[in-house]
Each structure stands twice: as C-alpha cells, then as structure tokens.
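Engineer: Take a look at the following structure, please.
Numbering (the numbering used here), first residue to last: 18 to 225.
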C-alpha cells in the first residue's frame with residue numbers, strides 16, 4: 018500500500034467530497050437542507066402523532082405489535098411525502114429565480130461540509146471498531162488524516178458524552194463480533210488443513 022503514489026485514504030476522501038459536492042450543487046443548498054429537515058420533521062410528526070393513531074390501528078389489526086408498527090410507519094411515510102413535496106416546490110421556485118446560481122454555489126459548500134462530516138464519522142467508527150494492533154500502518158500515512166482526526170475531535174467536543182459513549186460501545190461490540198467471527202473462521206480453516214495433512218500422511222501406511 019505504501020508503494021502507491023497516492024494513499025487510498027486520500028483517494029477515498031477526494032471521491033466522497035467530490036460526489037457530495039456535485040450532488041449538492043445539482044440540487045442546491047435549499048433542497049439539501051430542506052431534505053434533511055423533511056426527515057427530521059417526519060420523525061417529529063411520528064413521535065407526536067403515534068399516540069393518536071395507535072388506538073385506531075389496534076382496533077383494525079389484531080396484533081398489537083403489527084398495529085403499532087403500522088401506525089408509526091404510516092405517519093412517518095405520509096409526513097415524509099408531504100414534506101418532500103413542499104421541499105421540491107420551494108427549492109424549484111428558488112432555483113428558477115435569480116437566487117438559483119447562489120443556491121447552487123452554496124450547495125457546493127454544503128456538500129463539501131457534509132462529505133467532510135461523513136469522513137470524520139467514518140474515522141471515529143474505524144477507531145472504535147478496529148484495535149490499534151490491527152490497524153494497517155498506511156492508514157496514518159494519509160495526507161488527509163491529520164485533518165480528519167481534527168474534525169473527529171471537534172465532533173467529540175460537540176456531541177454529548179453519553180450519546181458518544183453509547184455509540185462507541187455499540188460500534189466496538191460490532192467490531193469485536195466481526196473479529197471473533199474471523200478468528201473462528203481462521204481456526205476452522207486451520208483445523209481443516211491439519212486434518213487434510215494428517216489424512217495425507219496416513220494414506221501411504223494404509224496402502225502398505
């Protein structure tokens with residue numbers, strides 16, 4: 018990996034920033050921000066509307082679990098569709114106006130910020146999931162790594178400690194599970210190889 022002229026981490030960061038920036042440029046900052054707001058709004062609507070729709074769903078569906086899930090899903094989907102339609106209307110009018118060019122230029126800034134945020138979050142999860150001794154040496158050799166680490170530190174300083182600790186615990190548990198599965202698979206393959214070798218060694222004796 019170190020023989021490559023460009024580190025794969027740097028290539029990946031460049032691709033993520035480029036794709037995120039181009040998508041945001043094509044959609045505009047208003048559509049991008051309102052799109053995120055649509056998901057947040059649909060979630061809030063589900064939280065507040067679930068209490069009112071749940072009794073109706075339970076009257077129509079025998080299973081309470083299925084009724085509750087159906088009620089929550091119905092509110093979320095309907096709310097998301099409504100918010101998305103409003104987002105398209107508002108963003109479409111802005112892009113057709115004189116502010117369209119500014120909207121797209123700000124979209125690039127938003128897209129680059131979003132891409133950088135995703136990269137920093139990925140670095141945090143990588144650190145949590147992968148043990149230090151298992152981390153490839155070329156990861157720290159990336160030119161962009163100091164900036165990624167700085168961004169991850171900023172996120173840690175903003176996110177509440179309890180939320181951060183819970184996320185770290187879950188990601189670490191997932192990483193430990195993957196490592197255990199790999200070790201079990203390696204042990205299985207080693208056992209199969211030893212068995213095959215032992216079988217091969219016994220064949221001449223059996224033939225005699």
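For each residue, glycine too, the CB sits at the ideal point set by N, CA and C.
In this text the structure is predicted, and so the values were computed from the model without any measurement.
Given a threshold of 16 other Cβ atoms within 10 Å of its Cβ, counted over all protein chains shown, does residue 141 qualify as buried or as exposed?
Structural biologist: Numbered from 1 along the chain shown, position 124 holds the residue referred to as residue 141. Looking at its Cβ environment, which holds 16 or more other Cβ atoms inside 10 Å, residue 141 is buried.
Engineer: In three-state terms, what does DSSP make of residue 57?
Structural biologist: On the chain shown, residue 57 is found 40 positions in, with the first residue counted as 1. Residue 57 falls in the helix class under three-state DSSP.
Engineer: Comparing alpha-carbon positions, which option in 49, 132, 105 and 107 lies nearest residue 36?
Structural biologist: Locating residue 36 in the chain shown gives position 19, where the first residue counts as 1. With distances taken between Cα atoms, residue 36 lies closest to 132.
Engineer: Nearest to residue 94 by CA position, among 124, 66 and 120, is which residue?
Structural biologist: On the chain shown, position 77 is the one that residue 94 refers to. Checked all of 124, 66 and 120; the closest Cα to residue 94 is 66.
Engineer: Quick one: what does DSSP say residue 85 is sitting in, helix, strand or coil?
Structural biologist: Residue 85 sits at position 68 when you count from the first residue of the chain shown. Three-state result, residue 85: helix.
Engineer: Residue range of the alpha helix (DSSP H) that residue 145 falls in?
Structural biologist: Within the chain shown, the letter at position 128 stands for residue 145. Segment 117-146, the alpha helix (DSSP H) holding residue 145.
Engineer: Helix or strand or just coil, what does DSSP make of residue 113?
Structural biologist: Walking along the chain shown from the start, residue 113 turns up at place 96. Helix, per DSSP.
Engineer: Whose C-beta lies closer than 8 Å to the C-beta of residue 208 among residues of the same chain, with five residues either side of it excluded?
Structural biologist: Numbered from 1 along the chain shown, position 191 holds the residue referred to as residue 208. Here the set comprises nothing.
Engineer: Closest to residue 59 by CA distance: which of 115, 104 and 188 is it?
Structural biologist: One-based indexing of the chain shown puts residue 59 at position 42. The candidate whose alpha carbon is nearest that of residue 59 is 104.
Engineer: Going by the CB atoms, is the gap between residue 159 and residue 23 shorter than 7 Å?
Structural biologist: For this step, residue 23 is matched to residue 6 along the chain shown. For this step, residue 159 is matched to residue 142 along the chain shown. Their beta carbons are not under 7 Å apart, which means residue 23 does not touch residue 159 by this criterion.
Engineer: Among residues of its own chain, excluding the 5 on either side of residue 33, which ones have a beta-carbon nearer than 8 Å to its beta-carbon?
Structural biologist: Translated into positions along the chain shown, residue 33 becomes position 16. Once the five neighbours on either side are set aside, the close Cβ partners of residue 33 are 132, 135 and 136.
Engineer: For residue 18, does the count of other Cβ atoms within 10 angstroms reach 16, so buried, or fall short, so exposed?
Structural biologist: As a working mapping, residue 18 is identified with position 1 in the chain shown. Residue placement at residue 18 is poorly supported in this model, since its pLDDT is 48, which falls under 50; the coordinates are not used for a value here.
Engineer: Compute the distance between the beta-carbons of residue 92 and residue 139, then report whether it is under 7 Å.
Structural biologist: Locating residue 92 in the chain shown gives position 75, where the first residue counts as 1. Locating residue 139 in the chain shown gives position 122, where the first residue counts as 1. The answer is no: Cβ separation not under 7 Å.
Engineer: Looking only at C-alpha atoms, which of 44, 168, 45 and 151 sits nearest to residue 199?
Structural biologist: To locate residue 199, count along the chain shown from 1; it is residue 182. If you compare the alpha carbons of 44, 168, 45 and 151 with that of residue 199, the shortest gap goes to 151.
Engineer: Evaluate residue 216 with the Cβ neighbour count: other Cβ atoms within 10 Å of its Cβ, from every protein chain shown; 16 or more gives buried, anything less gives exposed.
Structural biologist: Translated into positions along the chain shown, residue 216 becomes position 199. If you draw a 10 Å sphere on the C-beta of residue 216, you find fewer than 16 other C-beta atoms in it, and that means exposed.
Engineer: Express the C-alpha separation of residue 118 and residue 189 in angstroms, rounding to a whole number.
Structural biologist: Against the chain shown, residue 189 aligns to sequence position 172. Against the chain shown, residue 118 aligns to sequence position 101. CA-CA distance, residue 189 to residue 118, rounds to 44 Å.
Engineer: If you drop the 5 nearest sequence neighbours on each side, which residues of the same chain put their C-beta closer than 6 Å to that of residue 123?
Structural biologist: Against the chain shown, residue 123 aligns to sequence position 106. Correct list, in chain order: 46.
Engineer: At the level of alpha carbons, what is the spacing between residue 167 and residue 43?
Structural biologist: Translated into the one-based positions of the chain shown, residue 167 becomes position 150. Translated into the one-based positions of the chain shown, residue 43 becomes position 26. Residue 167 and residue 43: Cα-Cα distance of roughly 29 Å.
Engineer: Do residue 88 and residue 74 have their beta-carbon atoms positioned less than 7 Å apart in this structure?
Structural biologist: Counted from its first residue, the chain shown places residue 74 at position 57. Counted from its first residue, the chain shown places residue 88 at position 71. Against a cut-off of 7 Å, the Cβ pair of residue 88 and residue 74 comes out as a contact.
Engineer: Alpha carbon to alpha carbon, how far is residue 163 from residue 197?
Structural biologist: Reading the chain shown from its first residue, position 146 is the one you call residue 163. Reading the chain shown from its first residue, position 180 is the one you call residue 197. The alpha-carbon atoms of residue 163 and residue 197 are separated by roughly 30 Å.
Engineer: Quick check on residue 98: does DSSP put it in helix, strand or coil?
Structural biologist: Stepping through the chain shown from its first residue, residue 98 is reached at position 81. DSSP places residue 98 in helix when its eight states are reduced to three.
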